[in-house]
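Participant:
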Amino acid sequence: MIYKSKRSQAILDFVLIFGILLVFLVGLVRIWVWFNANYAKRNADYQKTRLIAGKAYDLTAGVYIDAPLELTDDWVFKGKPSGTVK
Amino acid sequence: MFIFFAENRANYKKGQIFPFLIAIIVVIVIMAMITANLGKLAIFKTDVSNAADAGSLGGASVLSSFLLQIGLESDTWCANGIVLMARMASIFILGKDFTLPGISLNRALGLLWSNDLNLGPLWMFPNDLIAAIKLYVPYMIGFYFALEKAKLNGEMTWASAKQKALSSAFGNAGVDEGMNPRNKFKNYPFNALPGSYDRYLNVYMANEFNQSGFSRFMSHPVSGFAAAIGEIRPGSGSPQLITSGYGWSQNEDESFRGSYPGNIYKILNKPLYDNYVEVRVIGRSDYPFEPLTWSQFGLIPFVLPVAIYFGAFAKYLTHGLILLPFLGEIIAGIFAAIVTAFYTVVITTLPIGYTFPGRDMEKYTDKENISLKVTRYKKNTDMGIWNFQYGRVSAMSSGHTFVVNDSTIEPAFLAGLSFNTSKHLFETELTGVIK
């Protein structure tokens with residue numbers, strides 16, 4: 710009986726811990742997606758500034774301003790992105 | 402609690418977490434690979450975008466400097482034209498070309514005509530006309546030769562702009578082909594060639610040892626990066642679309658091989674090398690320069706014939722009175738009318754510079770783009786755990802030279818009665834993607 714109870718305890722532990730691990734993993738993947746989306750967004754934003762930078766007579770235009778996507782609770786916990794990359 | 406776990410360590414089955422650890426590590430490594438792949442593609446995208454922008458601006462700047470040169474030539478012809486008209490006026494009014502040496506002020510003013518060995522207006526009149534024609538004809542021949550030269554220069558300039566666009570684009574495309582000096586040194590046939598070490602130093606090292614295939618591709622425009630432009634013949638114009646490219650691969654022994662000479666880097670869209678950079682340039686083939694005639698400036702030039710008429714009338718009348726006192730006024734009037742008509746025709750047709758059709762500067766500068774498409778190709782690389790996906794990454798860009806503050810290729814003199822050469826300065830910028 711003692712042995713059996715230990716086994717069920719282990720199963721309970723396993724399910725609990727791996728459930729938590731899975732949630733962590735999902736969160737990790739979402740943060741990773743956010744990072745990659747930002748990577749792409751930064752590049753796209755930078756490319757857009759190049760055209761203005763190539764215009765004459767406006768030396769202040771075309772300066773790249775970093776505006777990353779915000780890492781929100783909704784994105785991490787619910788999978789809703791805070792923006793899109795165009 | 403720690404003591405409890407420590408005491409019961411022996412009861413745990415070791416290594417249970419290991420498979421999960423491996424799985425998570427694999428997942429994380431794949432994620433890192435995907436991110437690295439994305440980063441590499443972002444670098445490619447930035448490289449090709451930079452290349453396209455640099456090419457567009459480089460090409461447009463060639464056009465800009467050429468238009469400045471043409472504007473200055475226009476100024477020269479305008480000055481020549483004004484001098485020509487003044488010389489003709491001098492001949493018709495004073496009877497002498499004021500630019501010729503040995504003429505005194507009195508003669509120039511026509512005060513001593515009666516002492517000259519002329520036979521009166523009957524001889525002076527044809528002499529005046531012949532003298533004027535002798536000025537006019539060489540001027541016209543010279544101008545139209547210069548115009549043809551300017552047109553040919555326009556064709557060459559578009560070719561040069563495309564060549565500049567190609568070189569700027571290739572130079573900024575991030576070609577990372579390496580050199581392989583050690584391998585070449587190892588393979589050099591020292592024993593087979595007499596004096597081989599000197600030859601190695603002076604020829605091989607100087608020409609090939611220090612250059613990658615891409616470097617040779619860039620340093621030989623005719624057979625290298627600009628080979629696709631080909632030969633420009635008068636009237637044919639530079640080709641409107643040019644495609645050039647360079648491909649390279651790394652051999653198993655880490656040496657490189659490239660596609661120089663020529664542009665054989667792919668056949669039927671199938672790459673022959675693991676990497677290539679391709680640049681396509683689209684632009685005009687020529688500039689349609691036209692002569693700018695003095696008559697295009699309205700009534701202003703026609704003030705001169707009126708002055709000519711009265712000047713010539715006075716001159717022929719003065720001499721007419723000597724031989725033909727009664728008909729002097731009539732003859733002088735007829736001669737004055739003929740030379741005035743001649744002078745009017747000269748003014749009407751006298752080219753004093755270059756312009757574009759319809760005198761429309763913007764149509765042939767602002768609206769004429771030099772457009773580039775740069776493509777970077779890299780073969781997929783299988784790293785075992787992740788197959789790096791590259792394929793083709795492209796970027797497009799267009800640039801132009803444009804009118805700013807009424808820039809013109811027409812003589813600056815006509816714009817403000819001063820040779821303000823800054824009127825010929827055209828600005829250069831990117832215009833975005835023109836598809």
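Chains A and B, in that order, are what the protein sequence lines are.
Following my numbering, the numbering of the first sequence begins with 710 at its first residue and continues without gaps.
Following my numbering, the numbering of the second sequence begins with 402 at its first residue and continues without gaps.
Using N, Cα and C, we set each Cβ at its ideal position, and we do this for glycine too.
Can you tell me whether A:LYS787 is buried or exposed, with buried defined as 16 or more other CB within 10 angstroms of its CB?
Facilitator: exposed
Participant: Secondary structure at B:GLN790, three-state DSSP: helix, strand or coil?
Facilitator: coil
Participant: From this set, B:SER613, B:TYR540, B:ALA455 and B:PRO692, which residue's C-alpha is nearest B:MET489's C-alpha?
Facilitator: If you compare the alpha carbons of B:SER613, B:TYR540, B:ALA455 and B:PRO692 with that of B:MET489, the shortest gap goes to B:TYR540.
Participant: In whole angstroms, what separates the C-alpha of A:LYS789 from that of B:SER457?
Facilitator: 40 Å
Participant: Given that a residue counts as buried once 16 or more other Cβ atoms are within 10 Å of its Cβ, and exposed if not, what is B:ILE494?
Facilitator: buried
Participant: Return the residue from the list B:GLN641, B:THR477, B:GLY614 and B:ALA713 that minimises the CA-CA distance to B:ASN676.
Facilitator: B:GLY614
Participant: Is B:MET486 helix, strand or coil by DSSP?
Facilitator: helix
Participant: For the beta strand (DSSP E) that contains B:ARG681, what are its first and last residues?
Facilitator: 676-683
Participant: Just how far apart, CA to CA, sit B:GLN470 and B:ILE748?
Facilitator: 25 Å
Participant: Would you kindly work out how many angstroms separate the C-alpha atoms of B:VAL680 and B:THR745, rounded to a whole number?
Facilitator: 53 Å
Participant: Assign B:ARG777 to one of three DSSP states: helix, strand, or coil.
Facilitator: Looking at B:ARG777 - three-state DSSP - the assignment turns out to be strand.
Participant: So, with DSSP's three-state summary, where would you put B:PHE827?
Facilitator: DSSP, read as helix, strand or coil, puts B:PHE827 in coil.
Participant: Residues of the stretch 735-747 of chain A with a CB closer than 8 Å to any CB of chain B: list them in chain order, please.
Facilitator: Going along the stretch 735-747 of chain A in chain order, one finds VAL738, TRP741, PHE744 and ASN745 with a Cβ nearer than 8 Å to chain B.
Participant: Let's test the definition: count the other Cβ atoms within 10 Å of the Cβ of B:SER819 and tell me whether it reaches 16, buried, or not, exposed.
Facilitator: Within a 10 Å sphere around the beta-carbon of B:SER819 sit fewer than 16 other beta-carbons, which makes this residue exposed.
Participant: Could you tell me the boundaries of the beta strand (DSSP E) in which B:GLY659 lies?
Facilitator: 657-659
Participant: Looking at the strands, I want to know which residues DSSP matches up with B:HIS801.
Facilitator: B:GLU830
Participant: Does A:LYS787 come out as helix, strand or coil in the three-state DSSP assignment?
Facilitator: helix
Participant: Just the Cα atoms here: how many angstroms apart are B:THR832 and B:MET434?
Facilitator: 36 Å
Participant: 8 Å is my cut-off, CB to CB: does A:LYS789 come that close to chain B?
Facilitator: no
Participant: Establish whether the CB of B:ILE504 and some CB of chain A are separated by less than 8 Å.
Facilitator: Low per-residue confidence applies at B:ILE504: pLDDT is 48, beneath 50, and the placement is therefore not dependable enough to give any value.
Participant: Starting from A:LEU760, find everything on chain B with Cβ-Cβ shorter than 7 Å and list it in chain order.
Facilitator: LEU831 and GLY833
Participant: Is B:LEU513 buried or exposed, if buried means 16 or more other CB atoms sit within 10 Å of its CB?
Facilitator: In this prediction, B:LEU513 scores a pLDDT of 41, lower than 50, which makes its location untrustworthy; the coordinate-derived value is nonetheless stated afterwards. Result: exposed.
Participant: Quick check: is the beta carbon of B:LEU512 nearer than 8 Å to any beta carbon in chain A?
Facilitator: Reliability of the predicted coordinates at B:LEU512 is poor, the pLDDT of 42 falling under 50, and the value obtained from them is presented with this limitation in mind. Not one chain A Cβ lies under 8 Å of B:LEU512.
Participant: Output, in chain order, the set of chain B residues within a Cβ distance shorter than 9 Å of A:LYS757.
Facilitator: Within 9 Å Cβ-Cβ: nothing; A:LYS757 doesn't reach chain B, min ~10 Å.
Participant: Whose Cβ in chain B lies nearer than 8 Å to the Cβ of A:ALA797?
Facilitator: Any answer about residue 797 of chain A is impossible in this case: the structure gives chain A only from 710 up to 795.
Participant: Please name the residue or residues paired with B:TYR647 in a DSSP beta bridge.
Facilitator: Answer is B:VAL678, bridged to B:TYR647.
Participant: Shorter than 8 Å from the beta carbon of A:LEU780 to some beta carbon of chain B?
Facilitator: no
Participant: Using a Cβ-Cβ distance cut-off of 8 Å, determine whether B:GLU828 contacts chain A.
Facilitator: Interface residue (Cβ-Cβ distance to chain A less than 8 Å): B:GLU828 is classified as such.
Participant: Say whether chain B places a C-beta atom closer than 8 Å to the C-beta of A:ALA776.
Facilitator: no
Participant: Is it right to say B:GLY631 is buried, meaning 16 or more other beta carbons lie within 10 angstroms of its own, or is it exposed?
Facilitator: exposed
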